[in-house]
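Number 67 in the working numbering belongs to position 72 of the sequence shown; there are no gaps in the numbering.
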Amino acid sequence: MTVPLDRHRSVELQVSAERVSPVRRIVAAHLRHWSLDLHVRPVCRALDELLSNVHRHVGAGDACVVELHWTGRRVTVSVADSSFRMPKLLPAGGGLSRVMALSDSWGTCRTEAGKVVWFTRYAEAPHAAPLLPRTPLPGARTSRPAPLAALL
């Protein structure tokens, strides 16, 4: 499957509780535009966790970049921030446990400017089923092609 190049979006924002909802709506709109409606809820819930972690652990007002990328088979969402403090998966559960439950894979990576936390989900676009010819109702007349001479 060939995927057009417009399957990548990036949003830079100052992290605050008020900005999480608009970013979630932007991501949901792109997923719906790409015909990935079934993935809107889990992707947005996992994204909420990542943005909440930035707000809680990095600080309100810190800049972060949310990236959304779809390859035709996988959706990857990443959140980059300026903190070098790496997140930890707590045994008691919490934000990253939720992200892990809602995704196929997740991870973190240090960058020159801080870190990136990402997750992926297997997400193929639904294939449109071909229209099948309808069978005539019992007793209905079947149409026959008109003779060629009648058309002239």
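We put the CB at the ideal spot given by N, CA and C, even for glycine.
Only a predicted model underlies this, so the values are computations on that prediction, with no experimental measurement involved.
Between the C-alpha atoms of A58 and A87 there is a straight-line separation of about 29 Å. With respect to the 8 Å criterion, V10 and L46 are classified as neighbours on the basis of their beta carbons.
For L42, the uninterrupted alpha helix (DSSP H) run begins and ends at 35 to 48, by DSSP. Between the C-alpha atoms of A120 and D43 there is a straight-line separation of about 23 Å.
Pairing G109 with H3, the inter-Cα distance amounts to about 22 Å. In chain order, M81, P82, K110, V111, V112, W113 place their CB closer than 8 Å to the CB of T103, counting only its own chain and leaving out the 5 sequence neighbours on each side. Under a 10 Å Cβ-count criterion, S98 is classified as buried, with 16 or more other Cβ atoms of the shown protein chains found around its own Cβ. As a beta-bridge residue in DSSP terms, A75 pairs with V60, V111. Of the other Cβ atoms in all chains shown, 16 or more fall within 10 Å of the Cβ of T115; this residue is therefore buried. The three-state reading of DSSP puts E13 in helix, counting H, G and I together. In this structure, DSSP gives S98 a state outside helix and strand, which the three-state scheme calls coil. Apart from the 5 residues on each side of it in sequence, L31 sits with its Cβ closer than 6 Å to the Cβ of A118 in its chain, given in chain order.
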